[in-house]
Amino acid sequence: METQKRMTTETAYQDPKTMESQKEMTVETAYQAPKTVKTQKGMTTEAIYRCFIYVALITLAISIIIPVAWVFLASVKKNSEFYGSPWAMPKSFYFQNFIDAFQKANMGTYMLNSVMVTALALFILLIVALPAAYVLARYTFRGSKLINTFFKAGLFINVNYIVVPIFLMLLDGDTFLRGQLGDGFLLDNLFILAVVYAATALPFTIYLLSSFFQSLPSTYEEAALVDGAGYFKTMISVMIPIARPSIIAVILFNFLAFWNEYIIALTLIPGPNKTLPVGLMSLMAAQKSATNYGQMYAGMVLVMLPTLILYIIVQKKLTQGMTLGGLKD
Numbered sequence: 001m002e003t004q005k006r007m008t009t010e011t012a013y014q015d016p017k018t019m020e021s022q023k024e025m026t027v028e029t030a031y032q033a034p035k036t037v038k039t040q041k042g043m044t045t046e047a048i049y050r051c052f053i054y055v056a057l058i059t060l061a062i063s064i065i066i067p068v069a070w071v072f073l074a075s076v077k078k079n080s081e082f083y084g085s086p087w088a089m090p091k092s093f094y095f096q097n098f099i100d101a102f103q104k105a106n107m108g109t110y111m112l113n114s115v116m117v118t119a120l121a122l123f124i125l126l127i128v129a130l131p132a133a134y135v136l137a138r139y140t141f142r143g144s145k146l147i148n149t150f151f152k153a154g155l156f157i158n159v160n161y162i163v164v165p166i167f168l169m170l171l172d173g174d175t176f177l178r179g180q181l182g183d184g185f186l187l188d189n190l191f192i193l194a195v196v197y198a199a200t201a202l203p204f205t206i207y208l209l210s211s212f213f214q215s216l217p218s219t220y221e222e223a224a225l226v227d228g229a230g231y232f233k234t235m236i237s238v239m240i241p242i243a244r245p246s247i248i249a250v251i252l253f254n255f256l257a258f259w260n261e262y263i264i265a266l267t268l269i270p271g272p273n274k275t276l277p278v279g280l281m282s283l284m285a286a287q288k289s290a291t292n293y294g295q296m297y298a299g300m301v302l303v304m305l306p307t308l309i310l311y312i313i314v315q316k317k318l319t320q321g322m323t324l325g326g327l328k329d
């Protein structure tokens with residue numbers, strides 16, 4: 001009994017301090033509880049957001065990879081395998097489809113034409129666009145704003161809408177040349193097709209390159225001028241090497257456009273000098289009654305393969321070219 005009285009007395013004396021400490025703990029807990037809940041909610045929201053992003057990216061990747069992989073597998077199937085189950089795996093790799101596509105369907109000739117036109121168009125485009133973009137980005141002169149406006153306006157013109165005027169202009173030129181020289185060379189000419197490709201790509205290319213040149217500090221040019229370099233040498237030796245990532249991005253974008261272009265090539269090349277996309281469509285049209293699916297898919301692989309290889313090679317430089325243009329000094 002005495003021990004219980006002592007414990008009760010000690011507890012009675014300690015109650016005020018205990019109550020104060022309990023109140024402080026309750027207040028701290030009250031302040032900390034919302035933070036904990038908020039943190040937990042934030043983590044949950046972030047996890048849901050990441051999960052959504054991953055699901056979207058995986059779905060997008062699957063929607064791209066499966067059709068491409070199926071085309072590659074279909075290109076090595078025998079024609080008889082398509083009549084059973086088109087989605088089945090090939091029983092054996094039948095590479096004769098590629099040989100037939102090159103020899104019987106002239107896909108090798110069409111591919112060579114596409115390589116020539118694309119390379120020539122890129123060369124002409126860079127020769128014209130690089131100096132133009134550099135001058136418009138780094139120098140101000142009378143009419144520079146008007147020229148910039150015209151090039152930006154060209155971004156909103158769909159090339160497919162002006163194919164007929166281009167064709168009529170070349171046709172009139174051919175008629176004039178036949179009257180003067182006895183023969184015309186503006187239509188069914190791969191060089192003229194490359195020039196048209198380069199001309200239609202000028203607005204986009206100049207806009208992208210000039211945006212990159214504008215982001216560069218003027219200290220590079222000042223240092224080159226101090227060393228005795230002129231304007232042309234400064235552009236060639238200093239500024240263009242710095243712009244290499246942006247140039248690679250321009251080359252890749254325009255390569256994809258030129259390599260896969262169909263409407264302009266079909267209109268301006270009515271003869272046998274077809275490019276690869278036009279040749280592939282002609283092959284599909286010629287085989288409507290008895291389609292050789294393996295040969296047709298082999299032609300599709302020939303169209304896709306160069307672009308995939310080029311993208312794998314320059315993908316890092318492409319990312320740099322797309323991001324460096326937005327940097328400011």
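The UniProt record's numbering puts the sequence shown at residues 1 to 329.
Ideal Cβ placement from N, Cα and C applies to all residues, glycine included.
Query: Cβ distance (whole Å) where Val163 is taken to contact Ile264 below 8 Å; Result: 6 Å
Query: The stretch 230–249 in contact with the stretch 94–103 per 3-pair CB rule at 8 Å; Result: no
Query: Nearest residue (CA-CA) to Ala257, options Phe141, Leu225, Pro306 and Lys233; Result: Pro306
Query: Residue environment, Met239, which counts as buried when at least 16 other CB atoms sit within 10 Å; Result: buried
Query: Proximal residues to Lys91 (C-beta, below 7 Å), its chain only, five neighbours per side dropped; Result: Glu81
Query: 7 Å CB neighbourhood of Phe253 in its chain, flanking five on each side removed; Result: none
Query: Among Thr267, Val76, Leu112 and Ile65, the one whose alpha carbon lies nearest that of Met169; Result: Thr267
Query: Outcome for Phe232 when other beta-carbon atoms lying within 10 angstroms are tallied against a minimum of 16; Result: exposed
Query: Neighbourhood of Thr118 by C-beta, 7 Å cutoff - its chain only, sequence neighbours within 5 removed; Result: Phe255, Phe258 and Trp259
Query: Nearest-angstrom beta carbon gap, Thr205 and Val135 [assumed within contact, 8 Å]; Result: With a Cβ gap of about 14 Å, Val135 and Thr205 do not count as contacting.
Query: Alpha helix (DSSP H) segment containing Phe82, residue limits; Result: Per DSSP, Phe82 belongs to no alpha helix (DSSP H) and is neither H nor E.
Query: At least 3 beta-carbon pairs within less than 8 Å: the stretch 268–279 vs the stretch 103–113; Result: yes
Query: DSSP-derived helix/strand/coil call for Pro306; Result: helix
Query: Assigned secondary structure, Tyr139 (DSSP; H/G/I helix, E/B strand, else coil); Result: coil
Query: Gly173, enclosing alpha helix (DSSP H) - first and last residue; Result: Val163 to Leu181
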